[in-house]
Amino acid sequence: MGTIKVENIKVYAYHGCLKEETKIGSDYRVDLEVKADLITSAMSDELMDTVDYVFLNRIIKEEMAIPSKLLETVAKRILDRIFSEDTMVKKATVWVSKTNPPIGGDVESVTIKMTDRRKKQF
1 MGTIKVENIK VYAYHGCLKE ETKIGSDYRV DLEVKADLIT SAMSDELMDT VDYVFLNRII
61 KEEMAIPSKL LETVAKRILD RIFSEDTMVK KATVWVSKTN PPIGGDVESV TIKMTDRRKK
121 QF
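Under the UniProt record's numbering, the first residue of the sequence shown carries the number 1, and numbering increases by one thereafter.
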């Protein structure tokens, strides 16, 4: 088992419960960690034998482009797409952070962290 991390993906998106948030948008940071068997790709040196981080980045950008009230919803969509579109991923954790959230006071960010595992097939 190995780990692939895609870190500090910066996205401008329109998430939030306040009407203003969905109109003017905000800056977000997304981090992703996936676990997969990387032995084959380490031996073959072929992209088709690993989890392509360009693919992971694309999923994040596409899901972040869909406005949602809650960051939890966005994180769940990202995880669901990863597991449905790449069978090599065994476990994934995503962090979705809203930078400078409109919650009053000097707050750098709020972050939602979600982890999921591939369900065993019988």
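Yeah, the Cβ is synthetic: ideal placement off N, Cα and C, and Gly gets one too. These numbers come from a predicted model, not from an experiment.
If one requires a minimum length of 4 residues, the alpha helix (DSSP H) runs lying completely within the UniProt domain "Dihydroneopterin aldolase/epimerase" (4-116) are 19-24, 39-44, 53-64, 71-85, in chain order.
Around the beta-carbon of MET1, fewer than 16 other beta-carbon atoms lie within 10 Å, marking it exposed. Between ARG29 and ASN8, the gap from beta carbon to beta carbon is short of 8 Å.
Proximity to ASP27 across LYS98, ARG77, ASP49, LEU70 peaks at LYS98, based on C-alpha coordinates. With a cutoff of 8 Å on beta-carbon distance, VAL11 and LYS61 are scored as near each other.
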